[in-house]
Amino acid sequence: MKRIKTLRVRFALWTSGLFFVILTGFSVFVYIRMSRNLYAAIDDSLTLNASQIVAGLDIENNLINIPTDFLDESENAELRERGFTVQILTRQGEILQKFGLHQALLPHLSSKIVDPFFSTISDPSNETTIRVYTTPVIENGQPIALLQAAQSLEQVQDTLERLFLTFLVSVPMLVTIAGFSGYFLAARALAPIDQITLTARRISAEDLSARLNIPVIDDEVGRLAQTFDEMLERLDDAFKRERQFTNDASHELRTPLTAMQAVLGMIREKPRATEEYQQALDDISEETERLITLTENLLNFARRDGKNNSVHEPVNVSTLLGDVTDSMRPLAEAKGLKLKREIEDNLYVRGDSDDLIRLFVNLLDNAIKFTEHGEIYISAEMQNNAVKISIEDTGIGIGAEHLPHIFDRFYRTDKSRATPGSGLGLSIAQEIVQAHGGKIEVTNAMDKGSNFIIYFPV
Ligand code: ADP
Numbered sequence: 007m008k009r010i011k012t013l014r015v016r017f018a019l020w021t022s023g024l025f026f027v028i029l030t031g032f033s034v035f036v037y038i039r040m041s042r043n044l045y046a047a048i049d050d051s052l053t054l055n056a057s058q059i060v061a062g063l064d065i066e067n068n069l070i071n072i073p074t075d076f077l078d079e080s081e082n083a084e085l086r087e088r089g090f091t092v093q094i095l096t097r098q099g100e101i102l103q104k105f106g107l108h109q110a111l112l113p114h115l116s117s118k119i120v121d122p123f124f125s126t127i128s129d130p131s132n133e134t135t136i137r138v139y140t141t142p143v144i145e146n147g148q149p150i151a152l153l154q155a156a157q158s159l160e161q162v163q164d165t166l167e168r169l170f171l172t173f174l175v176s177v178p179m180l181v182t183i184a185g186f187s188g189y190f191l192a193a194r195a196l197a198p199i200d201q202i203t204l205t206a207r208r209i210s211a212e213d214l215s216a217r218l219n220i221p222v223i224d225d226e227v228g229r230l231a232q233t234f235d236e237m238l239e240r241l242d243d244a245f246k247r248e249r250q251f252t253n254d255a256s257h258e259l260r261t262p263l264t265a266m267q268a269v270l271g272m273i274r275e276k277p278r279a280t281e282e283y284q285q286a287l288d289d290i291s292e293e294t295e296r297l298i299t300l301t302e303n304l305l306n307f308a309r310r311d312g313k314n315n316s317v318h319e320p321v322n323v324s325t326l327l328g329d330v331t332d333s334m335r336p337l338a339e340a341k342g343l344k345l346k347r348e349i350e351d352n353l354y355v356r357g358d359s360d361d362l363i364r365l366f367v368n369l370l371d372n373a374i375k376f377t378e379h380g381e382i383y384i385s386a387e388m389q390n391n392a393v394k395i396s397i398e399d400t401g402i403g404i405g406a407e408h409l410p411h412i413f414d415r416f417y418r419t420d421k422s423r424a425t426p427g428s429g430l431g432l433s434i435a436q437e438i439v440q441a442h443g444g445k446i447e448v449t450n451a452m453d454k455g456s457n458f459i460i461y462f463p464v
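Anchor point for the sequence shown: position 308 equals 314 in the numbering used here, and the numbering is continuous, going up by one each time.
1) Where does Asp-224 fall in DSSP's three states?
2) Classify Asn-457 as helix, strand or coil using the three-state DSSP reduction.
3) From the DSSP output, which residues share a beta bridge with Gln-93?
4) What does DSSP give as the partner residue(s) for Ile-446 in the beta ladder?
5) Can you give me the C-alpha to C-alpha distance between Asn-322 and Asn-352, rounded to a whole angstrom?
6) Any chance you could list the beta strand (DSSP E) runs of at least 3 consecutive residues sitting entirely within the stretch 314–373, in chain order?
7) Tell me Gln-389's beta-bridge partners as DSSP assigns them.
8) What is the rounded straight-line gap between the Cα of Phe-234 and the Cα of Ser-396?
9) Going by alpha carbons, who is nearest to Lys-394 out of Asp-50, Gln-267, Gly-427 and Ile-349?
10) To the nearest angstrom, report how far apart Arg-278 and Met-266 are at their CA atoms.
11) Compute every distance between the C-beta of Leu-215 and the non-hydrogen atoms of the ligand ADP, then say whether any falls below 6 Å.
12) With distances taken from CA atoms, which of Asp-332, Ala-255 and Val-439 is nearest Leu-304?
13) Tell me the rounded alpha-carbon separation between Ile-199 and Phe-413.
14) Using the three-state DSSP reduction, which class does Ser-128 fall into: helix, strand or coil?
15) With a threshold of 6 Å (Cβ to nearest heavy atom), would Arg-468 be considered close to the ligand ADP?
16) From the DSSP output, read off the bridge partner residues of Asp-64.
17) Give the secondary structure of Gln-98 by DSSP, where H, G and I count as helix, E and B as strand, and everything else as coil.
18) For Ala-216, which residues from the same chain have a beta carbon less than 8 Å from its beta carbon, with the 5 sequence-adjacent residues on both sides left out?
19) Quick one, which of Lys-454, Leu-214 and Leu-270 has its alpha-carbon nearest Asp-243's?
20) Would you give the residue range spanned by the alpha helix (DSSP H) that Glu-160 belongs to?
21) Please confirm whether any heavy atom of the ligand ADP lies closer than 6 Å to the CB of Gly-444.
22) In whole angstroms, give me the CA-to-CA distance for Pro-122 and Ala-184.
23) Which residue marks the beginning of the alpha helix (DSSP H) containing Glu-145, and which one marks its end?
24) At a cut of 8 Å, does the stretch 453–461 reach the stretch 319–336 through at least three beta carbon pairs?
25) Work out the CA separation of Ser-176 and Val-138 for me, nearest whole Å.
26) If contacts are defined as beta-carbon pairs under 8 Å, then Leu-300 and Glu-258 qualify, I think. What distance do you get, rounded to the angstrom?
27) Give the straight-line distance between the Cα atoms of Gly-444 and Pro-463, rounded to the nearest whole angstrom.
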């Protein structure tokens, strides 16, 4: 059989099936209970009335004395009106007195009857089913006559038949209604899912702008839709950043290459003096240097991708920062800068020591690069359950308009154009800090230098 492909049809079928089973079970139970009760009521009334009649009989010396109008006496006559058939017989089955509609209640009565019993027979005179109660009339422990009381089962059968018909009509009707309701409920609940499917189909790597924008409902489907939108948002962001990165990277790579091409083109135009060749080679070497730095930084980025979950071990940042400062000191001193430091002992951060070295080198390198006079002050201390590291310089500073972008990839201020660099150092630094659960801030006063502050959770 072909599998049913829509959830709502399957849901509707399941609902109908379930309703069918429950309603059928319920109907059968009600029908059986009802029929038992109705039949029991008939039997009870036959027994009761028969025993009342027997009690009213006049028996003397084991002989039953029935006045001719006995059954016509008021209380017995009432039974006749209520549709009962009653007859008193000898033990041999000879009718002594009788009233009622039904004939030949039990034609083959045996004289040996000692216990009362019920039988259900069909009355040939009017083809109705009747219930007969036959009881011996006992005197001194001896059965001396028989009494039969009977009532038609027509009413009971009618009632049961009507009940059966009611179930026969209402069960399929309710099952159908349940099926339709199931279908519409499922359709209503699943409508956003269709929307998700349509949106997902519309999405391509080029355009991730589509959103479901389903009103926020806090249920399973609502949460799914919201999660889907959030996922699209993140993907969209990631794709945009990736594209931006590729654009920027290509652009950055082109600049030194174009410069080299220009130098080469110019030098090859005509024969040049040795100094000119020398100058051209220097220019090309400078551009190559830039390319190397840029490529290294790009490589760094690529390697860092997905490194956020790397194993973090306790790292003594006091020692690490001290070592990095020592190794950078010659660079600072070559520019006539003082490198001061005040580092508390044994400050530990959980992290990756290679990444932390890269972070400090980037920041110190910038501080040295962008400072012409004065000093660079490095400090590390515990502050409010965090390790606070600050690298302060007295360099060119960063204009307020640049502060919000300083950690963006490839972002460089105009002032720094003359200094070699790729604009990637700070964004790498920020990624490293964030991967360690920390935060990095920059404060400065124009022309008084910059202060980069990092907080690491302990
Ligand atoms: P790069 O140093 O390669 O240019 P970075 O990402 O490290 O790239 O820095 C981005 C920009 O931020 C720099 O070009 C510079 O304009 C500015 N900057 C970074 N550090 C400092 C600093 N200590 N003082 C002044 N400007 C800085």
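Cβ coordinates follow ideal geometry from the N, Cα and C atoms, glycine included.
In short, the structure shows the following:
1) Position 218 of the sequence shown, counting from 1, holds the residue named residue 224. DSSP places Asp-224 in coil when its eight states are reduced to three.
2) Numbered from 1 along the sequence shown, position 451 holds the residue referred to as residue 457. Asn-457 falls in the strand class under three-state DSSP.
3) Mapped onto the sequence shown, residue 93 falls at position 87. DSSP lists Lys-104 and Gln-154 as partners of Gln-93.
4) The residue given as residue 446 occupies position 440 in the sequence shown. Beta-bridge pairing links Ile-446 to Ile-460.
5) Counting from 1 along the sequence shown, the entry for residue 322 is found at position 316. Counting from 1 along the sequence shown, the entry for residue 352 is found at position 346. Computed Cα separation, rounded: 6 Å.
6) 319–322, 344–349 and 354–357
7) Here residue 389 refers to the residue found at position 383 when the sequence shown is read from its first residue. DSSP lists Ala-392 as partners of Gln-389.
8) Indexing the sequence shown from 1 puts residue 234 at position 228. Indexing the sequence shown from 1 puts residue 396 at position 390. Distance between the alpha carbons of Phe-234 and Ser-396 is about 41 Å.
9) On the sequence shown, position 388 is the one that residue 394 refers to. Closest by alpha carbon: Ile-349.
10) The count along the sequence shown starts at 1 and reaches residue 278 at position 272. The count along the sequence shown starts at 1 and reaches residue 266 at position 260. Their Cα atoms are separated by approximately 17 Å.
11) On the sequence shown, residue 215 is found 209 positions in, with the first residue counted as 1. Sequence inspection shows Ser at residue 215; the Leu mentioned does not correspond to that position. No, Cβ of Ser-215 sits at least 6 Å from all heavy atoms of the ligand ADP.
12) Looking up residue 304 in the sequence shown gives position 298. Per the Cα distances, Ala-255.
13) One-based indexing of the sequence shown puts residue 199 at position 193. One-based indexing of the sequence shown puts residue 413 at position 407. Each residue's alpha carbon lies about 40 Å from the other.
14) Within the sequence shown, numbered from 1, the residue matching residue 128 stands at position 122. Here Ser-128 sits in strand by DSSP.
15) Absent from the structure is residue 468, since the part of the chain shown begins at 7 and ends at 464.
16) Taking the sequence shown and counting its residues from 1, one reaches residue 64 at position 58. Asn-71, per the DSSP bridge assignment.
17) Residue 98 sits at position 92 when you count from the first residue of the sequence shown. Here Gln-98 sits in coil by DSSP.
18) The residue you call residue 216 lines up with position 210 of the sequence shown. These residues qualify, in order along the chain: Thr-205, Arg-208, Ile-209 and Leu-238.
19) Counted from its first residue, the sequence shown places residue 243 at position 237. Looking at the Cα atoms, Leu-214 is the closest of the given residues.
20) By 1-based counting over the sequence shown, the position of residue 160 is 154. Segment 160–208, the alpha helix (DSSP H) holding Glu-160.
21) Stepping through the sequence shown from its first residue, residue 444 is reached at position 438. No, the beta carbon of Gly-444 sits no closer than 6 Å to any heavy atom of the ligand ADP.
22) For the purposes of this step, residue 122 is identified with residue 116 of the sequence shown, where counting begins at 1. For the purposes of this step, residue 184 is identified with residue 178 of the sequence shown, where counting begins at 1. When rounded, the distance between both Cα atoms is 51 Å.
23) The residue labelled residue 145 in the question sits at position 139 within the sequence shown. No alpha helix (DSSP H) holds Glu-145; the beta strand (DSSP E) holding it covers 134–145.
24) no
25) Indexing the sequence shown from 1 puts residue 138 at position 132. Indexing the sequence shown from 1 puts residue 176 at position 170. Cα-Cα distance, rounded: 35 Å.
26) Counting from 1 along the sequence shown, the entry for residue 300 is found at position 294. Counting from 1 along the sequence shown, the entry for residue 258 is found at position 252. Contact flag correct, Cβ pair sits at about 6 Å.
27) Taking the sequence shown and counting its residues from 1, one reaches residue 444 at position 438. Taking the sequence shown and counting its residues from 1, one reaches residue 463 at position 457. About 6 Å.
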